[in-house]
Amino acid sequence: MQLTSSRVTMTVLLGLVLAVATACVEQVQLPDDCDAPTVVRSATLAGDHLSPETIDVCRGQQVTLEVVTRQDGVLHLHGYEQEAPATEMHAGDRLKFTFEASRAGQFVVEVHPPQGEELEVGIFTVHER
Ligand SMILES: [Cu+2]
Numbered sequence: 104m105q106l107t108s109s110r111v112t113m114t115v116l117l118g119l120v121l122a123v124a125t126a127c128v129e130q131v132q133l134p135d136d137c138d139a140p141t142v143v144r145s146a147t148l149a150g151d152h153l154s155p156e157t158i159d160v161c162r163g164q165q166v167t168l169e170v171v172t173r174q175d176g177v178l179h180l181h182g183y184e185q186e187a188p189a190t191e192m193h194a195g196d197r198l199k200f201t202f203e204a205s206r207a208g209q210f211v212v213e214v215h216p217p218q219g220e221e222l223e224v225g226i227f228t229v230h231e232r
């Protein structure tokens, strides 16, 4: 009985420590150019991965997202479909989306290959200020 309750306490404490640690990391990771009204982010898509794999901006910024692709498929940004609609691409294409990052959160960048299942290729993060 006693053992169980102290184990629960430990679990709760560990959970709190993790939550605090996560919050700290979140703040440290704010992009340097968070105050800039416009930002440009470039990435390359190859081997089913974006490079860099994470794209970070701040809420309210006018974002230009450029993706050079080395593979075929349809690229889209979950949660920002209106601003960066699903776009067919072919190896060698340079895609460009310009939109306002009006909603904070983490959004999955996905590729629907010509055959097979859709793939998660990167994460687009819009930080709250
Ligand atoms: Cu999808």
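For the sequence shown, this note's numbering gives the first residue as 104, with consecutive numbering after it.
We put the CB at the ideal spot given by N, CA and C, even for glycine.
What does DSSP give as the partner residues of residue i in its beta bridges?
| i | result |
| --- | --- |
| GLY208 | VAL229 |
| GLU213 | HIS179, GLU223 |
| ASP159 | THR228 |
If I'm right that residue i touches residue j with Cβ under 8 Å, what's the distance once you round it to whole angstroms?
| i | j | result |
| --- | --- | --- |
| PHE202 | GLU186 | 3 Å |
| ARG206 | GLY182 | 7 Å |
When we look at the beta-carbon of residue i and count the other beta-carbons within 10 Å, is it buried (16 or more) or exposed?
| i | result |
| --- | --- |
| GLY225 | buried |
| ALA149 | exposed |
| GLY176 | buried |
| HIS179 | buried |
| THR172 | buried |
| GLN174 | buried |
| HIS230 | buried |
| ALA204 | buried |
Could you work out which residue in the options is closest to residue i when comparing CA atoms only?
| i | options | result |
| --- | --- | --- |
| GLU169 | VAL212, LYS199, PRO134, ASP138 | LYS199 |
| THR141 | GLN164, ALA207, ASP159, ASP196 | GLN164 |
| THR167 | GLN132, HIS152, HIS215, ALA146 | ALA146 |
| ALA194 | CYS161, ASP151, CYS137 | ASP151 |
| GLU191 | PRO216, ALA204, GLY208 | PRO216 |
| ASP159 | GLU184, GLY208, ALA189 | GLY208 |
| GLU223 | ARG232, SER154, PRO134 | SER154 |
Residues near ligand 1, CB to any non-hydrogen atom under 7 Å, in chain order? Any heavy atom of ligand 1 counts here; residues with a Cβ closer than 7 Å to one of them, in chain order, are HIS179, HIS181, GLU213, HIS215, GLU221.
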